[in-house]
Amino acid sequence: MRFDSLLDSVGRTPLVGLPTLSPARDVRLWAKLEDRNPTGSVKDRAALAMVSRAETAGLLRPGCTLLEPTSGNTGIALAMVARLRGYRLVCVMPENTSPERRQLLAMWGAEIVPSPAAGGSNEAVRVAKELAGDHPDWVMLYQYGNAANADVHYETTGPEILADLPDVTHIVAGLGTTGTLMGVGRYFREHRPQVRIVAAEPRYGELVYGLRNLDEGFVPELYDASLVDARFSVGPRDAVRRTRELLETEGIFAGISTGAILHAALAQATRAVRAGEPADIAFVVCDGGWKYLSTGAYEGTLDDAEASLEGQLWA
Amino acid sequence: MAIEVRVPTILRTHTGGAKVVSAEGATLRELMEDVEDTHAGVRDRIVDGAALRRFVNVYVNDEDVRFTGGLDTPLSDGDVVVILPAVAGG
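As given, the protein sequences belong to chains H and W, one line each in that order.
Counted the way the working numbering counts, the first sequence spans residues 1231 to 1545.
Counted the way the working numbering counts, the second sequence spans residues 3 to 92.
Next comes the structure, spelled out in structure tokens:
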């Protein structure tokens, strides 16, 4: 495959079968390898789409400063796009994220403003909104409310899955900004409404949920619950167990959030087997495991890994 | 019939600091009433009238109850109910 530039190579990722993890001949799992994007995550799609739409709308001038709250992947993807398109990028990132993420952001030239660990990404959003108020000339693309983040999955990820797997019965993806599921969900509601859309969200340690009032929680503006059929909360133990299982049985080296998604996908597979129904379950591999090697998820016992991840934003 | 309810840090002022309380109920609504009887004030932080509050997520055996019947979600002995504030990702 030949492309005119790196940005032209975003998307069109492989969908690979999991012959060993699939529980039955007619209940099969398929992995959408989003780690094959230029910066190694599904967020390249959203970052490129948000920047391109802002350019088309005339919001960006050469040398402009972009601002974004991120726990990692969106920032890294934006840093790459910003570098190639000639913008400065400031990322607000929680302190309890892996050092690899900070190193990658710095390599692509982004500046990092740390936000407090307690409260996780909610705090990063709050700090970024404050900074945006102090710097009215900066452009915050704001992945949680930017329609381009969901639209790109409606336009690309959804059609790619349907083209590769016309008999797909379930799609399982992570829930962070909700962009992937909102776009893919809307595409399938329109084109194959019988396909079950399943969300897997990481359940972190207590520190991340913070001590603030419950009324100060955060639901991304993009989120529309009618586009989702089921939503599962997956803790670090199950996420790590499945991440390791994916590597051991199918050779796929994925990040920890993918383990959480696989856990939810396998639950759907088990239900299909029990019901005696055939199923083709596609799930999103958000990124590879490289950025999380220092978290301790890939070594020692499950107890060790669970203890190491306590308090970290592992997804 | 005992159901384990995991309480987030922010609500532990109502449970004497306990992270986990045990309660009973055939549905999530009944469970919330039972918890309220022993830990006054908890229910109103989670439920607003007939629905869950916007920034609170409740899971039964890891599944979000908004997709399983909301407060009418049926419960069985040994179920685990987790209450969490809504957080961002990305």
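Think of the CB as a built atom: it goes at the ideal place given N, C-alpha and C, for glycine as much as any other residue.
What you are looking at is a predicted structure, and each value in this text was computed from that prediction instead of being measured.
- Identification of residues in the region 1346-1365 of chain H having a C-beta nearer than 7 Å to some C-beta of chain W yields G1350, S1351, N1352, V1355, given in sequence order.
- The C-beta distance from A1430 of chain H to I1491 of chain H rounds to 4 Å, short enough to fall under 8 Å.
- The C-beta of N1443 of chain H comes closer than 8 Å to at least one C-beta of chain W.
- The alpha-carbon of S1487 of chain H is positioned some 11 Å away from that of S1271 of chain H.
- Between A28 of chain W and chain H, the shortest Cβ-Cβ separation is not below 8 Å.
- Contact residues of the region 19-50 of chain W toward chain H are R47 (C-beta to C-beta distance below 7 Å).
- When the alpha-carbon of D66 of chain W is set against those of H:A1284, H:P1268, H:V1428, the nearest one is in H:V1428.
- Per DSSP, the unbroken beta strand (DSSP E) holding D1510 of chain H starts and ends at 1509-1515.
- Taking a Cβ-Cβ threshold of 9 Å, the residues of chain W close to S1463 of chain H are N59, Y61, D64, E65, D66, V84, L86, in chain order.
- Straight across, the Cα-Cα distance linking P10 of chain W with N1443 of chain H is about 11 Å.
- As the crow flies, the alpha-carbon of G1415 of chain H is around 27 Å from that of T1250 of chain H.
- A direct Cα-Cα distance of roughly 8 Å separates G72 of chain W from L30 of chain W.
- The beta carbon of N1326 of chain H sits closer than 8 Å to those of A1347, G1350, L1437, V1438, G1541, Q1542, L1543, all from its chain and outside the five residues before and after it, given in chain order.
- Beyond the five residues adjoining it in sequence on each side, G1435 of chain H comes within less than 8 Å, by CB distance, of P1466, L1539, E1540, G1541, Q1542 in the same chain, given in chain order.
- No Cβ of chain W is located within less than 8 Å of the beta carbon of S1271 of chain H.
- Within the region 1402-1435 of chain H, contact with chain W at the beta-carbon level (separation under 9 Å) is assigned to G1404, L1405, G1406, T1407, T1408, G1409, A1429, E1431, P1432, R1433, Y1434.
- Residues of the same chain with a CB within less than 6 Å of the CB of F1462 of chain H, apart from the 5 flanking positions on each side, are A1430, A1494 in chain order.
- Ranking H:F1513, H:G1530, H:K1521 by CA distance to the CA of E1264 of chain H puts H:F1513 first.
- The bridge partners DSSP lists for R1318 of chain H are H:T1295.
- Within chain H, the residues G1447, V1449 have their CB atoms less than 8 Å from the CB of R56 of chain W, given in chain order.
- Chain-order list of chain W residues neighbouring S1301 of chain H: A90, G91, G92, by C-beta distance under 9 Å.
- By the beta-carbon neighbour count (other beta carbons within 10 angstroms, threshold 16), H41 of chain W is buried.
- In this structure the region 1286-1303 of chain H lies against the region 1362-1378 of chain H, because at least three pairs of beta carbons, one per stretch, are closer than 8 Å.
- The residue among W:V23, W:A88, W:I12 with its C-alpha nearest the C-alpha of L54 of chain W is W:A88.
- Taking 8 Å as the cut-off, the Cβ atoms of T1410 of chain H and A1354 of chain H do not count as close.
- Residue pairing by DSSP places V60 of chain W opposite W:I85 in a beta bridge.
- In its chain, beyond the 5 residues on either side, I5, E6, V62, N63 have a beta carbon closer than 8 Å to the beta carbon of D81 of chain W.
- Its Cα nearest to that of Q1333 of chain H, the residue H:T1269 stands out among H:V1470, H:T1269, H:L1248.
- Cβ-Cβ distances below 8 Å link A52 of chain W to L73 in the same chain, with the five nearest sequence neighbours on each side left out; the list follows chain order.
- With a threshold of 8 Å between beta carbons, I12 of chain W makes contact with chain H.
- Inclusion of Y1374 of chain H and G1413 of chain H in the CB contact set at 8 Å is not warranted, their separation being larger than that value.
- Within the region 1466-1479 of chain H, contact with chain W at the beta-carbon level (separation under 9 Å) is assigned to D1468.
- Exclusion of the five residues before and after A1277 of chain H leaves T1304, A1307, L1308, V1311 as the residues of its chain whose Cβ lies within less than 7 Å of its Cβ.
- Per the coordinates, the alpha-carbon of R1422 of chain H lies some 15 Å from the alpha-carbon of S1456 of chain H.
- For T1304 of chain H, the chain W residues whose Cβ falls inside 9 Å of its Cβ are G92, in order along the chain.
- DSSP places P1244 of chain H outside any alpha helix (DSSP H), giving it a letter other than H or E.
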